[in-house]
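J.: Numbering (the UniProt record's numbering), first residue to last: 1 to 181.
Got a structure here, written out as structure tokens. Questions coming.
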């Protein structure tokens with residue numbers, strides 16, 4: 001019986017060691033895992049930005065879902081993915097990223113942040129009738145990024161946090177019909 005306890009203790013210790021040696025997944029890993037972010041992953045690859053999200057960070061990424069990209073005007077996504085439009089794509093993708101970590105609960109009624117793209121992005125929270133995420137006290141808040149709604153918040157990664165949004169947000173100088181400015 002004593003030998004069995006020692007073996008079990010050894011097995012448990014090895015399993016715990018394996019967990020500590022396997023670091024939490026990066027933002028790039030998390031994006032690659034989520035089926036509803038496959039278009040974002042394709043865009044990051046086309047812009048050569050995947051490596052940015054494997055670096056140390058921390059970053060906050062407001063990640064447009066596949067549905068968000070589908071809501072762009074017809075042909076816009078295909079145009080952005082062309083090699084000759086790489087700089088425009090990079091600008092748009094960097095507008096979705098903040099150098100630092102922001103959790104949904106950290107966002108005040110209105111917060112302005114500077115994106116990696118270099119311009120301001122407006123984050124807001126609004127009380128809601130219960131169709132969005134709740135805080136610890138049970139109150140419901142709708143979190144918005146410009147005019148896009150956060151549909152899933154606080155997906156933690158080793159180098160930051162991801163918030164899924166229902167629109168592709170654009171810098172003011174790049175307004176695109178169908179985008180959420």
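Quick reminder that beta carbons are idealized off the backbone N, C-alpha and C, glycines included.
Using DSSP with H/G/I as helix, E/B as strand and the rest coil, what is residue 85?
T.: Residue 85: helix per DSSP, three-state reduction.
J.: Could you tell me whether the Cβ atoms of residue 160 and residue 64 are closer together than 8 Å?
T.: no
J.: Compute the beta-carbon to beta-carbon distance between residue 109 and residue 125, rounded to the nearest angstrom, for a pair I have assumed lies under 8 Å.
T.: 6 Å
J.: With residue 66 as the anchor, note down where its alpha helix (DSSP H) starts and where it stops.
T.: 66-70
J.: Quick one: grab the DSSP three-state call for residue 138.
T.: Residue placement at residue 138 is flagged as unreliable, the pLDDT there being 46, under the threshold of 50; the coordinate-derived value follows with that caveat. Here residue 138 sits in coil by DSSP.
J.: Compare the C-alpha of residue 96 against each of 68, 141, 62 and name the closest.
T.: 62
J.: Below 6 Å CB to CB, which residues in the same chain sit around residue 148 once its five sequence neighbours on both sides are set aside?
T.: 165, 166, 167, 169, 180
J.: Work out the CA separation of residue 150 and residue 163 for me, nearest whole Å.
T.: Taking the straight line from one Cα to the other gives about 6 Å.
J.: Rounded to whole angstroms, how far is the Cβ of residue 72 from the Cβ of residue 43, which I believe are closer than 8 Å?
T.: Not really, about 11 Å apart at Cβ, beyond 8 Å.
J.: Whose C-alpha, out of 84, 24, 37, is nearest the C-alpha of residue 56?
T.: 24
J.: Whole angstroms is fine: what's the gap from residue 58's alpha carbon to residue 98's?
T.: In a straight line, the C-alpha of residue 58 is about 9 Å away from that of residue 98.
J.: Taking only three categories from DSSP, how would you classify residue 161?
T.: DSSP places residue 161 in strand when its eight states are reduced to three.
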